[in-house]
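Novice: With the numbering used here, the residue at position 168 of the sequence shown is 955, and numbering never jumps.
The beta-carbon is built from N, C-alpha and C at its ideal position, and this holds for glycine as well.
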Amino acid sequence: MYSDLVSSAREACFSEEDAYWVVGQPDFKNPINRRNEAAALSKLLAEGRGSKLDQEMEEACETFCCRMAEIESSASNVDRASPEDVSGCSVDGDEIGPLGAPFVADSDESALMRWSEGQGMTSLVQPATFYSLVAQGRTSSSCKDLRTSSSCKDLPPVLGSSSSDARDARDIASSVSPLLKQLDDPDEVSDGCPPHDNYKAVEEEVCSTIVNQKPLSSRGLRGLMAVRDIRPGEDVITVPLSMLVSYDYILASDFGRVLARIPTLSEEAAAVLWTMVDRHFDDTSLKTYWCTLPAVSFGTGLSTDDEVLAMGLPRRCSLFKEAVAARQHLRGQFQQLQPVFTALCQAYPSFLKPEWFTWEAFLWAAELWYAYAITVRLPGGREQPCLIPFVGLMNHHGGAPHIVHYSRVHEESNTLRLMAFRPCARGRQVFLSYGALPNSKLLLFYGFVQPGCPFDSINLYPDEVFPRTVSEDVRQTLVKTAGLDLAKLKLGCSVLTSSYLPQDVISCMRIEAADAKELQRLKKLKNKVKGDLKKPLSGSSEVDSRAISILQSHLVQTRTIVVEHLEINQDSLEGRIYQTMSQSQISFLGFCRMFLNDQLRIIEASYHVVHKLQERMQ
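Spelled out as structure tokens, the structure:
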């Protein structure tokens, strides 16, 4: 019974992203990946809400982390980190990471919880701090000890502390600089870690040293802690509809009604503009919420200045290009809103101040909506981004969240329910998932990375590596006919758990490798070309052999881009880190280096798979 139900649930939750990594027909009798399995279990729990859990279902929920880690480990054809690294639990099923310490009663976080409960929210969690192993003084006797720390992978998207809590950037830099140097020195190998894996033994120490200063300084990492043991199927947080800061909520407010009368103002722009103003009102109902957010910047790739962005990421890196484009888009929106800002200040000089409408203020509000807004289906079926004050304290975990489905208001109770699909022990941190996001998205829009992110990927930069061949009309036509997108070619963590390459990558490489005769043959196939490109690789095919060689060349050149950037910018970073960089900039650069080192891991693992495939074809 359970096996049939979970197979159907896996199929129902199968996404386009899942399909990209699957070769052939998916086997829904077995887990597809972490995201799909978590979604399937959550779907079954939601559909059976209130009924007693089947024993098989309960066991599947309780052993989710370990089952997935074991499946990935046994299926892997390359070396990978231990199961605990991304699973969120140890091999025997226990939660890992530090226990939480509740906030004091007069903290902003405790005040937010009291306010939320006064609005009708119920929860099985409370705000707490979580001290990393390094912060607690544990020695890094092994890479495993450091990797089981929650200091980096549990980092919240945007958590600020008061200025009185901030350490001097010079003090932070002095402790970080040796760690950053060690990341680039493959000869300084500790605890038997191989070259390019050594950063794993350091990255969480970097996080503990520089990153945790951003949210809570010496107090540790902020999150939500289970106040009792939580079982699968229980609602961790229940939020009344009235607490959701949606577009409807905003436009129904006094200032929102003013904004609604501006004909050229979109709902998205109105939400940002309303946020820029409401955070300054002393009598706002959201005052306790605004107090829990950083006063100046969320530290994402959107607000990092151009020079720091160029130091952190290679200019040929797709993430750098995406960040530049996103920032230009925001700057353009800000310029378009200038007449609105001016008109509002002139119309309401007693209530609105010009300093509330600066570029920095606009960027702060935009970052808040990018990082914190959750798309929710409201009563009536309309979907809107919503800020949900207390829920915003809960941190993301890509590999082992406790909550994955939380996007629909239940019309019977007019509440948003965040249900756990796997258990969480009392005192442990409860995580939700932002979705199957790679580290590039986490860094750009949330300001952090998750080492060992199960959804991380690398882009192959085809426009940079093969500009002449990609631009050829015949190849472009074939790419379009086959439904392929060169700009979205990627390799990722699925390569770590499979001997296969994504079919889109193979198809594109075949088009790249085709000579004039093969191009004409493919062109004559017309709409059947997609199926032809999906044929199994053959050792007797010269085109397939060239395709694999081209892919190897892509990987080598991509790796060169990353390595050269790390080497070139190391001296520059060490020369400036003590002098001019802020704490936020140091933190962002630390995350960039973790991101790039994880990119190297994927590149090298992918090259290993391609090399093995090439050997089998010979």
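I need the straight-line Cα distance from S1244 to S1200, nearest angstrom please.
Specialist: The residue you call residue 1244 lines up with position 457 of the sequence shown. The residue you call residue 1200 lines up with position 413 of the sequence shown. Each residue's alpha carbon lies about 40 Å from the other.
Novice: Could you check what DSSP says for D1352 in three-state terms: helix, strand or coil?
Specialist: Taking the sequence shown and counting its residues from 1, the one referred to as residue 1352 is at position 565. Reading off the sequence, residue 1352 comes out as His, not Asp. Here H1352 sits in helix by DSSP.
Novice: Decide if the segment 895–913 is in contact with the segment 1023–1031; the criterion is three or more beta carbon pairs, one per stretch, under 8 Å apart.
Specialist: They touch, by the three-pair rule.
Novice: Quick one: grab the DSSP three-state call for E1430.
Specialist: Nothing about residue 1430 can be reported from this structure: the residues present for the chain run from 788 to 1405 only.
Novice: Which whole-angstrom value describes the C-beta separation of P1210 and E849, a residue pair presumed to lie in contact below a C-beta threshold of 8 Å?
Specialist: Here the question's residue 1210 lines up with position 423 in the sequence shown. Here the question's residue 849 lines up with position 62 in the sequence shown. Between E849 and P1210 the Cβ distance is about 6 Å, and since that is below 8 Å, they are a contact.
Novice: Start and end of the beta strand (DSSP E) containing I1024?
Specialist: If you number the sequence shown from 1, residue 1024 lands on position 237. Start and end: D1022 to P1027.
Novice: Based on Cα-Cα distance, which residue from L1288, Q1290, L1306 and F1382 lies nearest to E1259?
Specialist: Stepping through the sequence shown from its first residue, residue 1259 is reached at position 472. Nearest C-alpha to E1259: L1306.
Novice: Enumerate in chain order the residues of its own chain whose CB-to-CB distance from P1254 is below 7 Å, with the five nearest sequence positions on each side excluded.
Specialist: Residue mapping note: residue 1254 aligns to position 467 of the sequence shown, counting from 1. For P1254, the pLDDT reaches just 48, beneath the cut-off of 50, and the residue's location in the model is therefore unreliable, although a value from the coordinates is still provided. Nothing meets the Cβ criterion.
Novice: Taking three-plus beta-carbon pairs below 8 Å as touching, is the segment 1112–1126 in contact with the segment 1233–1244?
Specialist: No, the segment 1112–1126 does not touch the segment 1233–1244.
Novice: Can you tell me whether K1322 is buried or exposed? The criterion is at least 16 other CB atoms within 10 Å of its CB, across all chains shown.
Specialist: Locating residue 1322 in the sequence shown gives position 535, where the first residue counts as 1. With fewer than 16 Cβ atoms within 10 Å of its Cβ, K1322 is classed as exposed.
Novice: Got a sec? Which residues, its chain only, sit under 8 Å from R1297 by beta carbon, not counting five neighbours each side?
Specialist: Position 510 of the sequence shown, counted from the first residue, corresponds to residue 1297. The answer, listed in chain order, is L1320, V1330, D1331 and A1334.
Novice: Mind checking which residues open and close the beta strand (DSSP E) that includes A1392?
Specialist: Position 605 of the sequence shown, counted from the first residue, corresponds to residue 1392. It is not in any beta strand (DSSP E) - A1392 instead sits in the alpha helix (DSSP H) that spans Q1370 to M1404.
Novice: If we count the other Cβ atoms within 10 Å of its Cβ and call it buried at 16 or more, is I1355 buried or exposed?
Specialist: Walking along the sequence shown from the start, residue 1355 turns up at place 568. Its Cβ having fewer than 16 others within 10 Å, I1355 is exposed.
Novice: Ignore the nearest five residues each way along the sequence and tell me which others in E1170's own chain have a CB closer than 6 Å to its CB.
Specialist: Counted from its first residue, the sequence shown places residue 1170 at position 383. Here the set comprises T1162 and R1164.
Novice: Within 10 angstroms of the Cβ of V1396, are there 16 or more other Cβ atoms? Answer buried if so, exposed if not.
Specialist: For the purposes of this step, residue 1396 is taken as the residue at position 609 of the sequence shown. The residue is buried, with at least 16 neighbouring Cβ atoms inside 10 Å.
Novice: Helix, strand or coil: which one does DSSP assign to T728?
Specialist: Nothing can be reported for residue 728, as the shown portion of the chain is limited to 788 through 1405.
Novice: With H, G and I counted as helix, E and B as strand and the rest as coil, what does DSSP make of F815?
Specialist: Here the question's residue 815 lines up with position 28 in the sequence shown. F815: coil per DSSP, three-state reduction.
Novice: Give every residue of the same chain whose Cβ lies closer than 6 Å to the Cβ of D974, excluding the five residues on either side of it in the sequence, and list them in chain order.
Specialist: Taking the sequence shown and counting its residues from 1, the one referred to as residue 974 is at position 187. Low confidence applies here, because D974 scores a pLDDT of 39, under 50, leaving its location unreliable and the question unanswered by this model.
Novice: Going straight from the alpha carbon of F1218 to that of L1155, what length do you get?
Specialist: As a first step, residue 1218 must be located in the sequence shown, where it is residue number 431. As a first step, residue 1155 must be located in the sequence shown, where it is residue number 368. Using only the alpha carbons, I get a separation of about 19 Å.
Novice: For L1011, write down the residues that DSSP places opposite it in a beta bridge.
Specialist: For the purposes of this step, residue 1011 is taken as residue 224 along the sequence shown, with counting starting at 1. P914.
Novice: Run through DSSP, which three-state label would V1196 get?
Specialist: Numbered from 1 along the sequence shown, position 409 holds the residue referred to as residue 1196. Three-state result, V1196: strand.
Novice: Does the segment 1187–1206 come close enough to the segment 1081–1094 to have 3 or more Cβ pairs within less than 8 Å?
Specialist: Cβ pair count under 8 Å is below three, so no.
Novice: Nearest to F1068 by alpha carbon, out of F1138, S1033 and G1043?
Specialist: Against the sequence shown, residue 1068 aligns to sequence position 281. Minimum Cα distance to F1068 is reached at F1138.
Novice: Consult DSSP for A833 and reduce its assignment to one of helix, strand or coil.
Specialist: Against the sequence shown, residue 833 aligns to sequence position 46. Note: A833 maps to helix in three-state DSSP.
Novice: Does DSSP put K1304 in a helix, a strand or coil?
Specialist: Mapped onto the sequence shown, residue 1304 falls at position 517. Correct three-state label for K1304: helix.
Novice: Could you pull the DSSP bridge partners for M1030 from this structure?
Specialist: Against the sequence shown, residue 1030 aligns to sequence position 243. Beta-bridge pairing links M1030 to no other residue.
Novice: Kindly indicate the opening and closing residues of the beta strand (DSSP E) around Q1123.
Specialist: In the sequence shown, counting from the first residue as 1, residue 1123 sits at position 336. Here Q1123 belongs to no beta strand (DSSP E); instead the alpha helix (DSSP H) covers S1105 to Q1123.
Novice: Looking only at its chain, what residues have a beta carbon closer than 8 Å to the beta carbon of S1325, apart from the 5 residues adjacent to it on each side?
Specialist: Position 538 of the sequence shown, counted from the start, is the residue given in the question as residue 1325. The residues are D1331 and M1404.
Novice: Would you report the Cα separation of V945 and F1235, rounded to the nearest angstrom?
Specialist: Residue mapping note: residue 945 aligns to position 158 of the sequence shown, counting from 1. Residue mapping note: residue 1235 aligns to position 448 of the sequence shown, counting from 1. With a pLDDT of 27 at V945, under the threshold of 50, the modelled position of this residue cannot be trusted; read the value that follows with caution. About 9 Å.
Novice: Name the two residues that bound the continuous beta strand (DSSP E) containing L1203.
Specialist: The residue you call residue 1203 lines up with position 416 of the sequence shown. Segment T1202 to M1206, the beta strand (DSSP E) holding L1203.
Novice: Taking the continuous beta strand (DSSP E) assigned at V1163, which residues delimit it?
Specialist: Numbered from 1 along the sequence shown, position 376 holds the residue referred to as residue 1163. Per DSSP, V1163 belongs to the beta strand (DSSP E) from I1161 to R1164.
Novice: Less than 7 Å between the C-beta atoms of L1230 and F1378, yes or no?
Specialist: For the purposes of this step, residue 1230 is identified with residue 443 of the sequence shown, where counting begins at 1. For the purposes of this step, residue 1378 is identified with residue 591 of the sequence shown, where counting begins at 1. Result yes, Cβ atoms of L1230 and F1378 sit closer than 7 Å.
Novice: Check this for me: beta carbons of A847 and A796, under 7 Å apart or not?
Specialist: Against the sequence shown, residue 847 aligns to sequence position 60. Against the sequence shown, residue 796 aligns to sequence position 9. No, the pair does not count as a contact, with Cβ atoms beyond the cut-off.
Novice: Which word fits S977, buried or exposed, when buried means at least 16 other C-beta atoms lie within 10 angstroms of its C-beta?
Specialist: Against the sequence shown, residue 977 aligns to sequence position 190. Note that S977 has pLDDT 34, beneath the 50 cutoff, so the model's placement of it is unreliable and no number is given.
Novice: Mind reading off the beta-carbon distance from L1387 to R1346? Whole number of angstroms is fine, and I expect it under 8 Å.
Specialist: Mapped onto the sequence shown, residue 1387 falls at position 600. Mapped onto the sequence shown, residue 1346 falls at position 559. About 7 Å; that satisfies the 8 Å criterion.
Novice: Along the beta strand (DSSP E) that carries A888, what are the first and last residues, could you check?
Specialist: One-based indexing of the sequence shown puts residue 888 at position 101. G887 to P889 is the extent of the beta strand (DSSP E) around A888.
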